[in-house]
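Engineer: Take this structure first; my questions come after.
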Amino acid sequence: METEAVRIEDSLRLRKIVQYITARQNDDGGYASVQYTDSTLYDTYLALETLNMLGVEFPRIDDTIAWVKNYNATNIRDYYLINKIFNLLNQPLIDVSNQIVNLMDSAGRFGASKVDIEAVSELETTFMCVELTSMLATRIPSRKIVEFILSLKNPDGGFGSGESSLSSTFYALKTLLFLGYPIENLSETLHFVRACENSEGGFSFKPGVKPSFMEATFMGLTCLRLLSRKPNYPRETIGFITGCQNANGGFRRSLEHGISSFEYTFQAVSSLEMLGIQVRLT
266 METEAVRIED
276 SLRLRKIVQY
286 ITARQNDDGG
296 YASVQYTDST
306 LYDTYLALET
316 LNMLGVEFPR
326 IDDTIAWVKN
336 YNATNIRDYY
346 LINKIFNLLN
356 QPLIDVSNQI
366 VNLMDSAGRF
376 GASKVDIEAV
386 SELETTFMCV
396 ELTSMLATRI
406 PSRKIVEFIL
416 SLKNPDGGFG
426 SGESSLSSTF
436 YALKTLLFLG
446 YPIENLSETL
456 HFVRACENSE
466 GGFSFKPGVK
476 PSFMEATFMG
486 LTCLRLLSRK
496 PNYPRETIGF
506 ITGCQNANGG
516 FRRSLEHGIS
526 SFEYTFQAVS
536 SLEMLGIQVR
546 LT
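Mapped onto the numbering used here, the consecutive letters of the sequence shown carry residue numbers 266 to 547.
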């Protein structure tokens, strides 16, 4: 009886996520994390990816396709998101192979050498470009890119320009995997990721720093999965994630405070799935 009650509670929790997302689809077919604001590519991708994980059919799919097709893409991030969306919607991808190749410098880096302080990681653009080449079956000098990424590996096992962070380590591992590098040999990197895990549940961006955040938790769990390892505190981490769900069904960044966003909601659902929680409603 107790197990059945838990299942019902989990189902209601998941259905609230669906309601939170679908209530934020605009008339144009796109999505906006903040109601009554313009649709964005990022929010539309996150909404569709999360609904897909939940096993829910996309509402008004023709409107969404039309909105994305009419979007005025201006940079490689736009094309990355458009192709990720088209992948979900079974639409032909946009070939941006030439733009990608032209973005790579002699060091094997994609994008600018200096990154804005608000950027998630200096490897984010490189990751997007490498994943795009995988989606488009574009040939790139993999060895040079691998060498560039490994040049950002620090003595503590983490990755980052000057100082390691979980976000840069996340992008490094994902990119190296796309390039066929044997990441299972990076034992020091596993040690760094473990050091970012908090015994109270969740992960922080750097070792010994609290509190836990949703982005870091998603990245930490992803890193462990890529390295074929499991978290040390799965039950506590599940408690952290579920404790971040707001009354509207979406998830916030931390236990202490925050409004819901599609980004945190996507990361929460992804993390719960990686922790073995059944997130599909159908």
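Even for Gly, the Cβ is constructed at its ideal location relative to N, Cα and C.
Just so you know, these numbers come straight off a predicted model, no measurement behind them.
1) Going by the DSSP bridge assignment, what does N462 pair with across the sheet?
2) What is the rounded straight-line gap between the Cα of V361 and the Cα of E501?
3) Near E528, which residues of its chain fall below 7 Å by C-beta distance, leaving aside the five closest residues on each side in sequence?
4) Taking 6 Å as the limit between beta carbons, can you name the residues of its chain near S386, skipping five residues before and five after?
5) For S298, count neighbouring C-beta atoms within 10 Å of its own C-beta (all shown protein chains included) and say buried if the count is 16 or more, exposed if not.
6) How is F323 classed by DSSP in three states: helix, strand or coil?
7) On a Cα-Cα basis, can you pick out the residue from D293, V321 and A372 that is closest to V333?
8) Locate the alpha helix (DSSP H) running through L491, then write down its first and last residues.
9) Straight-line CA distance for I382 to N450?
10) Shortest alpha-carbon distance to D421 belongs to which of L444, E453 and L401?
11) With distances taken Cα to Cα, identify the nearest neighbour of I347 among Q543, L306, R518 and G508.
12) Which same chain residues end up closer than 8 Å to L368 when comparing Cβ atoms and leaving out the 5 residues on each side of it in sequence?
13) Kindly indicate which three-state DSSP category Y296 falls into: helix, strand or coil?
14) Considering only C-alpha positions, which residue in the set P324, V474 and L316 is nearest to N291?
15) For the 8 Å Cβ check, are there 3 or more pairs between the stretch 440-447 and the stretch 397-416?
16) Going straight from the alpha carbon of E465 to that of R404, what length do you get?
Structural biologist: To lay it out plainly:
1) It is Glu, not Asn, that sits at residue 462 in the sequence shown. Beta-bridge pairing links E462 to F468.
2) 43 Å
3) L311
4) S432, S433 and Y436
5) buried
6) coil
7) D293
8) M479 to L491
9) Legend: pLDDT at I382 = 42, less than 50; position of this residue unreliable, value from coordinates given subsequently. If you take the alpha carbons of I382 and N450, they lie about 31 Å apart.
10) E453
11) L306
12) I341, F375, G376, T390 and C394
13) strand
14) P324
15) yes
16) 44 Å
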